[in-house]
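>
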Amino acid sequence: MKSLHGVNIYITGGSSGIGLAFARLASSKGANIAIIARDTKKLEQAKKEIYSACKSSSQKVEAYSIDVCDAKKLYKAVPKMIQQSGNPDILVCAAGVGLSNYFEKITDDDFKKIMDINIFGIWYTLKAFYRYLKNRNTHCVLLSSLAGLIGVYTYSAYGTSKFAVFGMADCLRSEFKEHGITLSVICPPEVDTPFLQEELKTIPVKAKRIKKITGVLSADTIAQSIMKAILKKKFMIVPGFMSKTTWLLHRLLNGYGTRLLTDILIKL
Ligand SMILES: NC(=O)c1ccc[n+]([C@@H]2O[C@H](COP(=O)([O-])OP(=O)(O)OC[C@H]3O[C@@H](n4cnc5c(N)ncnc54)[C@H](OP(=O)(O)O)[C@@H]3O)[C@@H](O)[C@H]2O)c1
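Take 12 as the starting number for the sequence shown in my numbering and just add one per residue.
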């Protein structure tokens, strides 16, 4: 499928980073785009960027300001969005926040916020869109992380949320398939987006050292991975050579190698 002409794509977190990069890529292939995030200024700016990537002036680009943690508002807003932007063919759940810090420094409120946005945000989004996705040969993509497959030093909150997202995807895959929805999960390593700038405020030096192993990818690379997952109907993609290799070794050695390496690196 080289063209996405007439395909309606909804993207939570579409105003920044990975979600925005995918919105630009999909709009350059002819898709209609609806982005969902909170900050209206960022949404308006993103909408302009997406428009300028469009193949034709007949494509629709809409931006909706909504907090994916607010289930009540989301459940009310989605039917209205669908009236305006059409039935969803593809839903990408990219809204998320990060945090790397020592266990002792992560407050209960920090932990709750990460769970609310990264887990409940996806749950509520899926609940809100499910009846529109069902039995229509549609596709749904969830953003987990390499930190959702391998426990990473100082990622106790973020890692917990991303393991949950992977678990949710693995459980829902077959159930969704029964109802004509293909489900994919993407597990990137570090990606160069505004998310990283936030993370830099608290990430310990030792954690940065560990993350260097898998390197940094661009948001455009992850957008390509999302597109590949959709076009090839792949369940899971771990983008990047180093992250794929790390994930493979982690499984082959039953986690022993990655744990040993972490223990060595934090002693340096
Ligand atoms: N960057 C990385 O290193 C990396 C690596 C692996 C996985 N990921 C995952 O990839 C996804 C996208 O990350 P990114 O790097 O693109 O981050 P980003 O550039 O910070 O973008 C996050 C997006 O999510 C939106 N968002 C956050 N909280 C929201 C909420 N409660 N309701 C609605 N929208 C919300 C943000 O807009 P507003 O703040 O305006 O709402 C923004 O559009 C996340 O799930 C992240 O965990 C990122």
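For glycine and all other residues, C-beta sits at the position ideal for the given N, C-alpha and C. Computed from a predicted structure; not experimentally measured.
Under 7 Å Cβ to Cβ from SER156, same chain only, skipping five residues before and after it: list those, please.
Closer than 7 Å at Cβ, skipping near neighbours: LYS173, CYS198, PRO199.
> Which partner residues does LEU102 have in the DSSP bridge list?
DSSP output for LEU102 lists TYR21, CYS151 as bridge partner(s).
> Based on the DSSP secondary-structure assignment, which residues constitute the bridge partners of THR193?
Paired residues: HIS150.
> Does DSSP put SER68 in a helix, in a strand, or in coil?
Coil.
> Excluding the five sequence neighbours on either side, which residues of its own chain have a C-beta within less than 6 Å of the C-beta of ALA32, listed in chain order?
The answer, listed in chain order, is ALA230, ASP231, ALA234.
> Per the DSSP calculation, GLU201 is bridged to which residue(s)?
DSSP, once it has assigned bridges, lists VAL227 as partnering GLU201.
> Please name the residue, chosen from ILE47, ILE161, LEU263, CYS182, that lies closest to ALA222 on a Cα-to-Cα basis.
A quick correction: the sequence has Lys, not Ala, at residue 222. It is ILE161.
> Could you pull out every residue in the same chain whose Cβ sits closer than 8 Å to the Cβ of TRP258, ignoring the five residues on either side in sequence?
Excluding positions up to five away in sequence, the list reads LEU157, LEU160, ILE161, CYS198, VAL249.
> With a floor of 3 residues, list each beta strand (DSSP E) that falls wholly inside the segment 114-192, ordered by position along the chain.
Qualifying beta strand (DSSP E) stretches, in chain order: 149-154.
> Counting C-beta neighbours from all protein chains within 10 Å, is the total for TYR113 16 or more, i.e. buried, or is it exposed?
Burial call: exposed.
> Just mark ASN43 as buried or exposed, buried being the case when its beta carbon has 16 or more other beta carbons within 10 Å.
Answer is buried; the Cβ neighbour count reaches 16.
> Within the continuous beta strand (DSSP E) that includes ILE46, where are the two ends?
Per DSSP, ILE46 belongs to the beta strand (DSSP E) from 43-48.
> Output the distance between the C-alpha atoms of GLY132 and LEU272, rounded to the nearest integer angstrom.
Spanning the two alpha carbons is a distance of roughly 33 Å.
> Relative to the alpha-carbon of ILE130, which residue among ALA105, HIS150, SER26, ILE29 has its alpha-carbon at the smallest distance?
Ranking ALA105, HIS150, SER26, ILE29 by Cα distance to ILE130 puts ALA105 first.
> What is the DSSP secondary structure of SER76, reduced to helix, strand or coil?
SER76: strand per DSSP, three-state reduction.
> For ligand 1, is there any heavy atom lying closer than 7 Å to the beta carbon of THR23?
Yes, the Cβ of THR23 comes within 7 Å of a heavy atom of ligand 1.
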